[in-house]
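Just so you know, the sequence shown maps onto residues 15 to 269 in my numbering.
The next block holds one structure in the form of structure tokens; read it before the comments.
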Amino acid sequence: MKPANNINCPLHKTETCAVMHMRNCKRCPVPQQGVVSRDLVEDVALFSSLLPVDGIAKLFESGECTLCKGAKGSSTGFAIYDMAHAEPKRIQRKSIFTTQGRSGFMVPLQFACCKKCRGRLLWLEYLPMLGAILGVAIGVLLTISEAGTVELKAAFPALPLVLVAGGLLVGFLLGHAIRLILRHRWKKQMYLDIHAHPTVAAMESMGWFSVFGGNTGRLVLTKRRINQGLGTATDAELSAEFWPEPDFDACNNNE
Ligand SMILES: [Zn+2]
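Structural data, given as structure tokens:
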């Protein structure tokens, strides 16, 4: 991969380049040579100003789980929560997800996540569906078993359908009920309500909202983190030594 090493770029070695974190000049929206708009530099500075003071890199750089409360497990993957901001108004685009109007910036919050928290999130997501599948399986087993006499089956021709549909409904509701109980128990051990997480709360107070709109706290589980684009640079990359300002003059000479 060709790194971000184009010395002809006016943004070379600038903080703007580090924050954009494209990692490869070929993928960067900045032209390889020529004019860099001041709007872009200002937008990137605005993005940085809209983040919590201690940044968001610590979420994915942490070797410990950032979703655990109290004793923290070691990180084995990531839980990603996508957030959006109404700024910058100049580049507002219509999001296919959010119901909170148009969004400008989008950023993935990448929480380092332990095996235990990952397992809990998966159980909570799939329990109602697992309950329904199990309910249907029991309904089918009862239908094809010898349970119920021939007379009973003759008297109620719809019995198999009732057993399967009933199994589906009871299984789903039972799965849902168990999920509520587990959720209540597990929320003492981890940030199940993502809005209560200190970083998310700090972001929300600065105008960020869920990309999925409303109160959705959906987390996407992954083994590898996203490592390109706004909000993905490490603290070390963001605190390197930079040229003080983008070199617009050099760029204009290239025109
Ligand atoms: Zn954890």
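In this text, a Cβ means the ideal position worked out from N, Cα and C, and glycines have one as well.
query, result
"L135 versus A169: straight-line alpha-carbon distance, rounded", "45 Å"
"Cβ distance (whole Å) where A32 is taken to contact A254 below 8 Å", "6 Å"
"Coil, strand or helix - L123 by DSSP", "strand"
"Continuous alpha helix (DSSP H) assignments of at least 4 residues falling wholly in the segment 21 to 108", "29 to 34, 52 to 63 and 71 to 75"
"P102 beta carbon less than 8 Å from that of D270", "The chain is shown from 15 up to 269; residue 270 falls before or after that span and cannot be answered."
"Spatially closest choice to F74 from H99, G145 and C128, by CA coordinates", "C128"
"Minimum C-alpha distance to G180 - residue among I152, S89 and K27", "I152"
"Beta-carbon contacts of K16 that lie in its chain and below 8 Å, excluding the five residues immediately before and after", "Residue placement at K16 cannot be trusted, given a pLDDT of 48 that sits under 50; what the coordinates show is reported in the next sentence. N38, C39 and K40."
"Sufficient close CB pairs (3 or more, under 8 Å) joining the segment 183 to 193 to the segment 139 to 146", "yes"
"Same chain, Cβ closer than 8 Å to S76, neighbours up to 5 away in sequence not counted", "S89 and A126"
"Secondary structure of L206, DSSP reduced to three states", "coil"
"Proximity test, G87 beta-carbon vs ligand 1 heavy atom, cut-off 7 Å", "yes"
"K130: CB within 7 Å of a non-hydrogen atom of ligand 1", "yes"
"Residue environment, A215, which counts as buried when at least 16 other CB atoms sit within 10 Å", "exposed"
"Under the three-state DSSP convention, the category T236 falls into", "strand"
"N-terminal and C-terminal residue of the alpha helix (DSSP H) that H211 is part of", "From DSSP, H211 is part of no alpha helix (DSSP H); its letter is neither H nor E."
"Neighbour-count burial assignment, P171, 16 or more Cβ in a 10 Å radius", "exposed"
"Contact belief for P66 with M217 at Cβ below 8 Å, rounded distance in angstroms", "7 Å"
"Cutoff 8 Å; reference I208; Cβ partners in own chain excluding five residues on either side", "Y95, V214, G231 and L233"
"beta-carbon L73 near ligand 1 non-hydrogen atom, thresh 7 Å", "no"
"Nearest-angstrom Cβ-Cβ length linking L123 and M220, presumed shorter than 8 Å", "That pair is no contact at about 13 Å."
"Sequence-distant residues of the same chain with beta carbon closer than 8 Å to L173, five excluded per side", "T157, G162, L166 and K167"
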